[in-house]
Amino acid sequence: MDFCQLVQQRCSCRKYSSSPVEREKLDKCLQAARLSPSACNAQPWRFIVLDEKGPREKLADAACSEIYRMSKFIKSAPVLITVCADVKSFTSKAGSFVRNTNFYLIDIGIACQNLVLQATEEGLGSCYIGWFS
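Take any residue in the sequence shown, note its place counting from 1, add 261, and you have its number in my numbering.
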């Protein structure tokens with residue numbers, strides 16, 4: 262697919278099939294995220310993949326409670342990928358200290374963008390979640 266078409270096709274999906282996501286597609290999405298550029302090549306991202314029902318439901322319940330109920334649609338997703346930042350790495354700390362900028366936030370944003378674009382290429386729906394407990 263042409264890149265501009267891919268960007269135009271990507272959307273925030275809030276209804277999901279209960280079918281499991283093929284491991285090959287999931288691996289391609291994670292590889293696209295892993296290959297993302299980062300400040301000083303810090304690669305501060307960590308990906309936690311939850312594709313088993315029990316842990317996935319536990320995370321969704323905890324993340325979408327009380328005032329965060331708006332994000333409850335994630336409970337129906339067959340996979341949840343939690344993207345975490347390693348803020349204690351030397352390169353993350355150094356860049357933040359020198360420039361007073363949390364480069365790790367930019368870095369994980371780029372990784373997330375690559376992940377959802379690859380998901381679109383694979384025919385998968387995805388949605389960034391920023392409103393969670």
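Every residue gets a Cβ at the ideal spot worked out from N, C-alpha and C, and that includes glycine. All values derive from a computational prediction rather than experimental measurement.
Under a three-way DSSP split, which group does residue 359 fall into?
helix
Beta-carbon separation (whole angstroms), residue 294 vs residue 306, contact threshold 8 Å
Contact holds; Cβ gap of about 7 Å.
Please return the same chain residues whose Cβ sits closer than 7 Å to the Cβ of residue 372, not counting the five positions on each side in sequence.
Same-chain partners within the cutoff: 294, 297, 306 and 344.
Option in 292, 289, 284 and 334 with minimal Cα separation from residue 313:
284
Is the region 263 to 271 close to the region 333 to 342, with three or more CB pairs under 8 Å?
no
Going residue by residue through the region 277 to 321, where are the continuous beta strand (DSSP E) segments of at least 3 residues, counting only ones entirely within it?
306 to 311
Of the residues 388, 386, 340 and 378, which one's Cα is nearest the Cα of residue 266?
378
Within its chain, find whatever has a CB closer than 7 Å to the CB of residue 277; leave out the 5 residues flanking it on each side and keep chain order.
337, 338, 339 and 386
DSSP three-state assignment for residue 251, whether helix, strand or coil:
What the structure shows of the chain is the stretch from 262 to 394, and residue 251 is not part of that stretch, so it cannot be assessed.
Roughly how many angstroms lie between the CA atoms of residue 309 and residue 301, to the nearest whole one?
Taken atom to atom, the span from the alpha-carbon of residue 309 to that of residue 301 is near 23 Å.
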